[in-house]
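Using our numbering, the first residue of the sequence shown is number 1063, and each one after it goes up by one.
Comments concern the structure below.
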Amino acid sequence: MECSEMTSRGFLGSLLAISGSVARAWRVGAKQVFFIIVSFILVTGCSSAPQTGQPGGPAPSVVDIWHSLQGAEADALEGQVQTIVQTNPEVIVKLNYVPAQNFAAFSYQAEAGGEGPEIFIASREIIHELYGQGALASAAYNDKEAFPATLAAFRFGEVDYALPWMTDIPLLYFRTDTASVPSSLTELFSVNGISIASLDTATLSAWWNGQGGRLINAGSISLNDPNNLAFLQQLLTWRSANVLRIDPTALTAFANGQTPYVIAGASIAKHLTQLNVPWGSIPLSDLLGGQGQALIGTTLGIANSAIKTTPAMLDAIQTVEKALLSPEVEAAMQGAGSLLPANMSYYGRPEAQKGVFPQANIALTKAWALEGNGQEWKLIPLQNEAWSNVLAGNATPEDALNNAQEQAGKVLSVKGQP
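Next up, the structure:
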């Protein structure tokens, strides 16, 4: 055993003890004196406090995580958590799966009884619901690497209530064997047109707001804004000319070579590659000279419990969250699933310099930073309904948007959190 440190007081005390022992040596014998000296020094001079997570030290902090991941993603999360625990012996992490459809209700009931986890990993929609129930504390860890739009999605009243983890963003895909990269919307819709799985704001947000579309103008609802009307009329013209094809099987048609262009999330690139489809992609805003901001797609966040995020647990929670948000862990999760990392630092890695990642990085950097309690979240479904009614022939563009404007006043007058 080696002594790493001995205070001056301890050293002096040891010398005095040694002197006394030496004086008695003549009576007890040199061998016994040596044993006394060594034992005393070992006890008084070489002891140190055991470390957390080590035998004899304070018990590790236990951090519970509830998540909604399944299959390969759940397996990848478990593997990454094991690595985190091995690297950080001061924490123990327990994982529990909660079905997405029951996540918010189950979590609320648990917290009402003083139970539940320290960390939630769930979709943006579930986290919004948990926030509305008062089940969340502000984010324990300060994530400085998140894309502005992904972080904004979990911000309520200028406070971050979750950290973005994995995300998605729509891109324009083209078949490299039969199509070229279009330079503008005019060029795209003057030839073969495009297929989309559904007609909604999430899919076409970059083209809509890139041409002046907006839902709120100077604090007032503006669903029937002239720019919104012009865009809806444009959609109707494209649809009538069959250059805008709304097809739930659009991705299959693209993979089979039946349509040269499709709009889909960046997450679909992995599937296309597995099918050996020759594809390329560009941000939707490229067709408007860089104008327009896409709305982020499916996004997973890391949130903290309102009752379990205590000062005593803060260090342990931050340790786990910092590790989960590392590029290495996000890379492992991306490999197991399809969603893309929501943190900018990942996109500097060598593997992120090819495939869909450079284009996704551009789109995510410019994405629509819509805050969690933004009124637009409640207005988007009304615009989607207006678009559907017009293309189904149930209303004129003017009537559809005026009706949406009227309905919007009633929707926003309902009190309560998102």
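Cβ coordinates follow ideal geometry from the N, Cα and C atoms, glycine included.
Source: prediction; values computed, not measured.
Cβ-based neighbour list, residue i, same chain, cut-off 7 Å, excluding 5 preceding and 5 following
{"i": "residue 1440", "result": "1473, 1474"}
{"i": "residue 1460", "result": "1291"}
{"i": "residue 1353", "result": "1272, 1347"}
{"i": "residue 1450", "result": "1261"}
{"i": "residue 1368", "result": "1173, 1196, 1197, 1198, 1199"}
{"i": "residue 1244", "result": "1250, 1349"}
{"i": "residue 1268", "result": "1346, 1347, 1354, 1355, 1356"}
{"i": "residue 1431", "result": "1210, 1211, 1214"}
{"i": "residue 1219", "result": "1435"}
For residue i, the residue or residues it bridges with in DSSP
{"i": "residue 1363", "result": "1184, 1226"}
{"i": "residue 1232", "result": "1327"}
{"i": "residue 1310", "result": "Bridge partners of residue 1310: none, in fact."}
{"i": "residue 1398", "result": "In DSSP, residue 1398 forms no bridge with anything."}
{"i": "residue 1160", "result": "Answer is none; residue 1160 lacks a bridge partner."}
{"i": "residue 1279", "result": "1282"}
{"i": "residue 1217", "result": "1222"}
{"i": "residue 1154", "result": "1124"}
{"i": "residue 1024", "result": "Nothing can be reported for residue 1024: it is not among the residues displayed for the chain, which extend from 1063 to 1480."}
{"i": "residue 1357", "result": "In DSSP, residue 1357 forms no bridge with anything."}
{"i": "residue 1411", "result": "None; residue 1411 has no bridge partner."}
{"i": "residue 1298", "result": "None, per the DSSP bridge assignment."}
{"i": "residue 1315", "result": "Note: residue 1315 sits in no beta bridge, so no partner."}
Opening and closing residue of the beta strand (DSSP E) in which residue i lies
{"i": "residue 1305", "result": "Counting along the chain, residue 1305 falls outside any beta strand (DSSP E), and DSSP gives it neither H nor E."}
{"i": "residue 1270", "result": "That residue, residue 1270, is in no beta strand (DSSP E); its alpha helix (DSSP H) goes 1263-1271."}
{"i": "residue 1327", "result": "1323-1327"}
{"i": "residue 1430", "result": "Careful: residue 1430 lies outside any beta strand (DSSP E) and carries neither H nor E."}
{"i": "residue 1258", "result": "1256-1258"}
{"i": "residue 1344", "result": "1341-1344"}
Same chain only: Cβ atoms within 6 Å of residue i, ignoring 5 sequence neighbours per side
{"i": "residue 1150", "result": "1381"}
{"i": "residue 1071", "result": "Residue placement at residue 1071 cannot be trusted, given a pLDDT of 38 that sits under 50; what the coordinates show is reported in the next sentence. Answer for residue 1071: no residue qualifies."}
{"i": "residue 1307", "result": "1257"}
{"i": "residue 1172", "result": "1178"}
{"i": "residue 1444", "result": "1466, 1469, 1470"}
{"i": "residue 1184", "result": "1130, 1165"}
{"i": "residue 1316", "result": "1324"}
{"i": "residue 1407", "result": "1207, 1389"}
{"i": "residue 1464", "result": "1286"}
{"i": "residue 1264", "result": "1357"}
{"i": "residue 1342", "result": "1236, 1238"}
{"i": "residue 1360", "result": "1230"}
{"i": "residue 1448", "result": "1462, 1463, 1466"}
{"i": "residue 1321", "result": "1257, 1315"}
{"i": "residue 1270", "result": "1293"}
{"i": "residue 1329", "result": "1230, 1400, 1401"}
Among the options, nearest to residue i - alpha-carbon criterion
{"i": "residue 1405", "options": "1181, 1207, 1122, 1148", "result": "1207"}
{"i": "residue 1235", "options": "1346, 1424, 1442", "result": "1346"}
{"i": "residue 1469", "options": "1456, 1446, 1455, 1454", "result": "1446"}
{"i": "residue 1029", "options": "1318, 1182, 1230", "result": "With the chain covering only 1063 through 1480, there is no way to say anything about residue 1029."}
{"i": "residue 1193", "options": "1266, 1183, 1223", "result": "1223"}
{"i": "residue 1248", "options": "1287, 1326, 1350, 1377", "result": "1350"}
{"i": "residue 1438", "options": "1384, 1383, 1279, 1387", "result": "1279"}
{"i": "residue 1326", "options": "1418, 1242, 1375", "result": "1418"}
{"i": "residue 1436", "options": "1303, 1281, 1372", "result": "1281"}
{"i": "residue 1442", "options": "1331, 1284, 1159", "result": "1284"}
{"i": "residue 1217", "options": "1371, 1187, 1304", "result": "1187"}
{"i": "residue 1305", "options": "1253, 1162, 1403, 1364", "result": "1253"}
{"i": "residue 1363", "options": "1175, 1170, 1226", "result": "1226"}
{"i": "residue 1454", "options": "1403, 1319, 1302", "result": "1302"}
{"i": "residue 1246", "options": "1415, 1344, 1375", "result": "1344"}
{"i": "residue 1319", "options": "1373, 1240, 1370, 1411", "result": "1240"}
{"i": "residue 1205", "options": "1365, 1410, 1423", "result": "1365"}
{"i": "residue 1370", "options": "1377, 1330, 1181, 1410", "result": "1181"}
8 Å Cβ shell around residue i - same chain, five flanking residues per side excluded
{"i": "residue 1452", "result": "1294, 1297, 1298, 1458, 1459, 1462"}
{"i": "residue 1289", "result": "1273, 1274, 1275, 1276"}
{"i": "residue 1147", "result": "1153, 1154, 1155"}
{"i": "residue 1384", "result": "1203"}
{"i": "residue 1097", "result": "Its pLDDT being 42, under 50, residue 1097 is placed unreliably in this model, and the value from its coordinates should be taken loosely. Here the set comprises nothing."}
Delimiting residues of the alpha helix (DSSP H) encompassing residue i
{"i": "residue 1424", "result": "1419-1427"}
{"i": "residue 1382", "result": "1376-1386"}
{"i": "residue 1128", "result": "Segment 1123-1129 is the beta strand (DSSP E) holding residue 1128; no alpha helix (DSSP H) there."}
{"i": "residue 1168", "result": "1165-1174"}
{"i": "residue 1149", "result": "1133-1149"}
{"i": "residue 1463", "result": "1459-1475"}
{"i": "residue 1442", "result": "1438-1453"}
{"i": "residue 1252", "result": "1247-1252"}
Any C-beta of chain D under 8 Å from that of residue i
{"i": "residue 1128", "result": "Within the model displayed, chain D is absent; a lone protein chain is all it includes."}
Does the contact criterion of 3 or more C-beta pairs under 8 Å hold for the stretch 1127-1146 versus the stretch 1391-1410? By the criterion of at least three beta-carbon pairs nearer than 8 Å, the stretch 1127-1146 is in contact with the stretch 1391-1410.
Is it true that the stretch 1328-1340 meets the stretch 1204-1221, where meeting means three or more beta-carbon pairs spaced less than 8 Å apart? No contact exists between the stretch 1328-1340 and the stretch 1204-1221.
Does the stretch 1302-1316 come within contact of the stretch 1254-1269, defined as at least 3 CB pairs closer than 8 Å? Touching, yes, given that three or more Cβ pairs across the two stretches are closer than 8 Å.
Using 8 Å as the cut-off, can you tell me whether the stretch 1126-1134 makes contact with the stretch 1151-1159, which would need three or more C-beta pairs spanning the two stretches below that distance? A contact exists between the stretch 1126-1134 and the stretch 1151-1159.
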